[in-house]
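*Asks:* If you're matching them up, the sequences are chains A and B in order. Be aware that the first sequence starts at 230, since it is given in our numbering, and climbs by one per residue. Be aware that the second sequence starts at 250, since it is given in our numbering, and climbs by one per residue.
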Amino acid sequence: MVAGAELSQPVIQVGQDLTILVFAPGVSGAIAQVEARFQGRRGPRVLQPYYDLAKLFRKETLVPEDASWVFLAGPVVAFMCYLVVPLLIPELTTYSLPLGYMGDILGGGFILALAGFSVALAAAETDAPYAQLGSSRAMTFAALIEPSILFVTFSVALITTTDLPYAEAAAARSSFAAAIRPAHLLAALAFFLVVLNDTGRIPVETHSSTLEFGMIDEARTLEHSGPALALLKWGSNMKQLILYVLLINVFAAPWGLAGSRQPGAIGLAVVVFLGKALAVGLVFTLIDNSFSKLRLFKITEFMAAAFLLAVLAVLVLFLGGGA
Amino acid sequence: MIGVGVPVAALVHSQVPSAFSGVAEGLTLVVLLSEFAMLRAPLSRSQIRLYSFQSLAVTALAAYVAAARGIPDLYALAVLSLGLKVIVVPLVIVRLLRDARVELVASNRLSVATMTLLAIGLAVFAVFVLGSLPVHSHSLPAAAFNLSAAVILVAFLLVIVRSDVISQAVGFFSLENGVSVTSLVVAAGLPLVVEVAFLFDLLVAVVVFGVLMRVHHGRTDTLSTDVLDRLKG
């Protein structure tokens, strides 16, 4: 390795956080723009989410009469959670950063679940029926998708004998046969469906709808306003990008990450990552525009499909994966 | 490279299957997944389309095994199954459906999520039962063998839980697909005559089911088998 201009690891780690923090609204804006184009509309500017956030931060916060401090703490806790997760996942580097081995896939999942829980709790604090309906639905469907996440974790554990996202990415990178092995593809596909569910995309939820009856995640934020709403919106953009990181850099395409600490390599990794995130966003937009939303009680079918894929991944690994 | 703690590569233990078994298992999985999709498919038409797609996967598997193992006979089988199972049989069923002119909605006896969970249970059962058999070979893609048994059991489930003639026929035909996958991965060198005999079986089944469908529809004016448990005066 060339000595000299190397970034220290904490700096890279902060860089991972900043990448998510700064670019998350932009990626959402770009996806919204592409989606509008597919529908024959001109669509909002790519930078529109940033303007929205700036506007919301200037506004005042209104709190419902009966709500306690939890109502305002929820968005903050969620936002903090979304800042912690990027420290633990292979976003820019192939090697793990300090404490990266501390948080395995389940650890990251727990932190994301804590974020979802605190938003739901804040929504339940209000007396508003739609916010409460959203929070109860969000928790219900989170519980239903959980088995798929567990089985994806199991298959990662069987492939790598750890449950570190870094190890799974390294396993997929190690050879062509490892990248196309059925267990890996199935786990990737199952995780894709999980991401589809968790980002509130079309077979499960219309993410830009204003119709309360179909809402799940969106309904939770209806009562918030001002900076709290800004944190929620920013947080949901960050959550989307974090899930994209996991989908891309652990399962779908763990290539193009920096293998060294050179500033150039890290910078290139940021660009490559954003390109990959936009490509994934494009896939999600295509799905958004070519399928219709499932009825609420049909969502279990979607969950069953994700579970099926994850179970098959584990099955294939148990028999013939190692032999 | 620079890393903290354990180098990541050292953590990757599990042995990677060869590219041959990877592809063979992948194609078998496509066959199995389309079987699951058939279980879910709400319309008879989409079920038939799925059957055609499944047969295409079997054809691809035959062609792949032929190329990878160097068995030219299997190319002939691939061509035959492309012509018969992907094109002719689905066309015949669609034609029968058109003549019947009844509602295209296939009937479920159970909810989709329940059916899927049941089918997952069956698949797990099949995979573990066959996994405990002492069939081990260097060149055998083991998971593909087990998964093909899962295809067969799930096809049985399709025949059981659906109560319309089309689903039952398609279930039976796809069962044959499962059998051909098994023969392809276990005994790729099976003489062509035996394979062609399988296909001939399928043709006979198509004729029989066609006659059955027509007679049933002629008598009851529906394709549902639910009316069959009623006594006739």
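Even for Gly, the Cβ is constructed at its ideal location relative to N, Cα and C.
Between residue 411 of chain A and residue 271 of chain B, which are expected to be in contact by the criterion C-beta below 8 Å, what is the C-beta distance as a whole number of angstroms?
*Replies:* In the first sequence, residue 411 of chain A corresponds to position 182, counting from 1. In the second sequence, residue 271 of chain B corresponds to position 22, counting from 1. So it is a contact: roughly 6 Å between Cβ atoms.
*Asks:* In angstroms with no decimal places, state the Cα-to-Cα distance between residue 416 of chain B and residue 435 of chain B.
*Replies:* Along the second sequence, read from residue 1 onward, the residue named residue 416 of chain B stands at position 167. Along the second sequence, read from residue 1 onward, the residue named residue 435 of chain B stands at position 186. So the two alpha carbons sit approximately 28 Å from each other.
*Asks:* Compile a chain-ordered list of the residues in the stretch 405 to 427 of chain A whose CB is closer than 9 Å to at least one CB of chain B.
*Replies:* Flagged, chain order: 405, 406, 407, 409, 410, 411, 412, 414 and 415.
*Asks:* What is the rounded straight-line gap between the Cα of residue 342 of chain B and the Cα of residue 538 of chain A?
*Replies:* Taking the second sequence and counting its residues from 1, the one referred to as residue 342 of chain B is at position 93. Taking the first sequence and counting its residues from 1, the one referred to as residue 538 of chain A is at position 309. Cα to Cα, residue 342 of chain B sits roughly 30 Å from residue 538 of chain A.
*Asks:* Going along chain A in order, which residues have a C-beta closer than 7 Å to the C-beta of residue 271 of chain B?
*Replies:* As a first step, residue 271 of chain B is located in the second sequence; it is residue number 22 there, counting from the start. The contacting residues are 406, 409, 410 and 411.
*Asks:* Report the rounded CA-to-CA distance for residue 252 of chain B versus residue 342 of chain A, giving the unit in angstroms.
*Replies:* As a working note, residue 252 of chain B is residue 3 in the second sequence. As a working note, residue 342 of chain A is residue 113 in the first sequence. Because the pLDDT of residue 252 of chain B is 41, which lies under 50, any placement of that residue in the model is unreliable, and the number read from its coordinates should be weighed accordingly. Approximately 29 Å, taken between the alpha carbons.
*Asks:* What's the C-alpha gap between residue 303 of chain A and residue 340 of chain A?
*Replies:* Here residue 303 of chain A is taken as the residue at index 74 of the first sequence, counted from 1. Here residue 340 of chain A is taken as the residue at index 111 of the first sequence, counted from 1. If you take the alpha carbons of residue 303 of chain A and residue 340 of chain A, they lie about 14 Å apart.
*Asks:* Taking C-alpha atoms, which residue in B:323, B:402 and B:379 lies nearest to residue 392 of chain B?
*Replies:* For the purposes of this step, residue 392 of chain B is taken as residue 143 along the second sequence, with counting starting at 1. The shortest C-alpha separation from residue 392 of chain B is found at B:379.
*Asks:* Against chain A, with Cβ distances strictly below 8 Å, would residue 404 of chain B count as a contact?
*Replies:* Looking up residue 404 of chain B in the second sequence gives position 155. No - not a single Cβ of chain A is within 8 Å of the one on residue 404 of chain B.
*Asks:* With a threshold of 16 other CB atoms inside 10 Å of the CB of residue 287 of chain A, please say whether the residue is buried or exposed.
*Replies:* Numbered from its first residue, the first sequence carries residue 287 of chain A at position 58. Per the 10 Å Cβ criterion, exposed.
*Asks:* What residues from chain B crowd round residue 540 of chain A, counting only those whose CB sits closer than 9 Å?
*Replies:* Counting from 1 along the first sequence, the entry for residue 540 of chain A is found at position 311. Those are 369, 372 and 373, listed as they occur along chain B.
*Asks:* Measuring CB to CB, does residue 522 of chain A end up less than 8 Å from residue 431 of chain A?
*Replies:* The residue labelled residue 522 of chain A in the question sits at position 293 within the first sequence. The residue labelled residue 431 of chain A in the question sits at position 202 within the first sequence. It is a contact, given that the beta carbons lie within the stated cut-off.
*Asks:* Looking at the strands, I want to know which residues DSSP matches up with residue 473 of chain B.
*Replies:* Stepping through the second sequence from its first residue, residue 473 of chain B is reached at position 224. Answer by DSSP bridge pairing, in chain order: B:413.
*Asks:* Please report whether the beta-carbon of residue 285 of chain B lies at a distance below 8 Å from any beta-carbon of chain A.
*Replies:* Taking the first residue of the second sequence as 1, we reach residue 285 of chain B at position 36. Yes, residue 285 of chain B counts as interfacial toward chain A.
*Asks:* Kindly give me the distance between the Cβ atoms of residue 249 of chain A and residue 511 of chain A, rounded to whole angstroms, as I take these residues to be in contact under 8 Å.
*Replies:* In the first sequence, counting from the first residue as 1, residue 249 of chain A sits at position 20. In the first sequence, counting from the first residue as 1, residue 511 of chain A sits at position 282. Residue 249 of chain A to residue 511 of chain A, Cβ: 19 Å. No contact.
*Asks:* Does the Cβ of residue 416 of chain B lie closer than 7 Å to at least one heavy atom of the ligand ZN?
*Replies:* The ligand ZN is not part of this structure, which contains no ligands at all.
*Asks:* Buried or exposed: which applies to residue 545 of chain A, given that a residue is buried once 16 or more other Cβ atoms fall within 10 Å of its Cβ?
*Replies:* What you label residue 545 of chain A is simply residue 316 of the first sequence in a count that begins at 1. Its Cβ being crowded by 16 or more others within 10 Å, residue 545 of chain A is buried.
*Asks:* Check the Cβ of residue 431 of chain B against every Cβ in chain A and list those closer than 8 Å, keeping chain order.
*Replies:* By one-based count along the second sequence, residue 431 of chain B stands at place 182. In chain order: nothing, as chain A lies at least about 14 Å away.
*Asks:* Considering only residues of the same chain and omitting the five flanking positions on each side of residue 293 of chain A, which have a CB-CB separation below 8 Å?
*Replies:* On the first sequence, residue 293 of chain A is found 64 positions in, with the first residue counted as 1. Within the same chain, residue 293 of chain A has close Cβ partners 300, 354, 355, 356, 357 and 452.
*Asks:* Could you tell me the alpha carbon to alpha carbon distance between residue 474 of chain B and residue 459 of chain B, rounded to whole angstroms?
*Replies:* Within the second sequence, the letter at position 225 stands for residue 474 of chain B. Within the second sequence, the letter at position 210 stands for residue 459 of chain B. Using only the alpha carbons, I get a separation of about 15 Å.
*Asks:* CB residue 423 of chain A to CB residue 377 of chain A, shorter than 8 Å?
*Replies:* Translated into positions along the first sequence, residue 423 of chain A becomes position 194. Translated into positions along the first sequence, residue 377 of chain A becomes position 148. Result yes, Cβ atoms of residue 423 of chain A and residue 377 of chain A sit closer than 8 Å.
*Asks:* Which same chain residues end up closer than 7 Å to residue 385 of chain A when comparing Cβ atoms and leaving out the 5 residues on each side of it in sequence?
*Replies:* By one-based count along the first sequence, residue 385 of chain A stands at place 156. Cβ neighbours of residue 385 of chain A beyond the five flanking positions: 334, 392, 397 and 416.
*Asks:* What are the start and end residues of the alpha helix (DSSP H) that includes residue 405 of chain A?
*Replies:* Taking the first residue of the first sequence as 1, we reach residue 405 of chain A at position 176. From DSSP, the alpha helix (DSSP H) with residue 405 of chain A extends over 405 to 408.
*Asks:* Quick check on residue 533 of chain A: does DSSP put it in helix, strand or coil?
*Replies:* Counting from one through the first sequence, the residue named residue 533 of chain A turns up at place 304. Note: residue 533 of chain A maps to helix in three-state DSSP.
*Asks:* Does DSSP put residue 357 of chain A in a helix, a strand or coil?
*Replies:* As a first step, residue 357 of chain A must be located in the first sequence, where it is residue number 128. Coil at residue 357 of chain A, not helix or strand.
*Asks:* Measure the beta-carbon distance from residue 460 of chain A to residue 308 of chain A and round it to whole angstroms, keeping in mind my assumption that it falls under 8 Å.
*Replies:* Within the first sequence, numbered from 1, the residue matching residue 460 of chain A stands at position 231. Within the first sequence, numbered from 1, the residue matching residue 308 of chain A stands at position 79. Confirmed, Cβ separation roughly 5 Å.
*Asks:* Rounded to whole angstroms, what's the CA-CA distance from residue 439 of chain A to residue 360 of chain A? Just pull it up for me.
*Replies:* Position 210 of the first sequence, counted from the first residue, corresponds to residue 439 of chain A. Position 131 of the first sequence, counted from the first residue, corresponds to residue 360 of chain A. Cα to Cα, residue 439 of chain A sits roughly 13 Å from residue 360 of chain A.
*Asks:* Taking Cβ-Cβ distances below 7 Å as the criterion, which residues of the stretch 516 to 537 of chain A are in contact with chain B?
*Replies:* If the cut-off is 7 Å between Cβ atoms, the stretch 516 to 537 of chain A has 529, 530, 533 and 537 near chain B.
*Asks:* I'd like to know if residue 358 of chain B contacts chain A, where contact means its C-beta is closer than 8 Å to some C-beta of that chain.
*Replies:* Residue mapping note: residue 358 of chain B aligns to position 109 of the second sequence, counting from 1. Cβ-Cβ to chain A under 8 Å: no for residue 358 of chain B.
*Asks:* Report the rounded CA-to-CA distance for residue 418 of chain B versus residue 242 of chain A, giving the unit in angstroms.
*Replies:* Taking the second sequence and counting its residues from 1, the one referred to as residue 418 of chain B is at position 169. Taking the first sequence and counting its residues from 1, the one referred to as residue 242 of chain A is at position 13. Rounded to the nearest angstrom, the two C-alpha atoms are 58 Å apart.
*Asks:* Check each candidate in A:528, A:267 and A:543 and name the one with the smallest Cα separation from residue 374 of chain A.
*Replies:* For the purposes of this step, residue 374 of chain A is taken as residue 145 along the first sequence, with counting starting at 1. Nearest option by C-alpha distance: A:528.
*Asks:* Count the other C-beta atoms from every protein chain shown that fall within 10 angstroms of the C-beta of residue 518 of chain A, then say buried if there are 16 or more, exposed otherwise.
*Replies:* The sequence position of residue 518 of chain A within the first sequence is 289, counting from 1. Exposed, because fewer than 16 other Cβ atoms sit within 10 Å of the Cβ of residue 518 of chain A.
*Asks:* Beta carbon of residue 474 of chain A, beta carbon of residue 420 of chain A: below 8 Å?
*Replies:* As a first step, residue 474 of chain A must be located in the first sequence, where it is residue number 245. As a first step, residue 420 of chain A must be located in the first sequence, where it is residue number 191. Result no, Cβ atoms of residue 474 of chain A and residue 420 of chain A do not sit closer than 8 Å.
*Asks:* Identify which residue in B:277, B:267, B:276 and B:293 has its Cα closest to the Cα of residue 420 of chain B.
*Replies:* Locating residue 420 of chain B in the second sequence gives position 171, counting from the first residue. Out of B:277, B:267, B:276 and B:293, B:293 has the C-alpha closest to the C-alpha of residue 420 of chain B.
*Asks:* Name the chain C residues whose beta carbon is nearer than 8 Å to that of residue 268 of chain B?
*Replies:* As a matter of chain content, chain C is missing from the structure shown, whose protein chains are A and B.
*Asks:* Is residue 239 of chain A close to chain B? Criterion is C-beta to C-beta, closer than 8 Å.
*Replies:* Walking along the first sequence from the start, residue 239 of chain A turns up at place 10. Closer than 8 Å: no.
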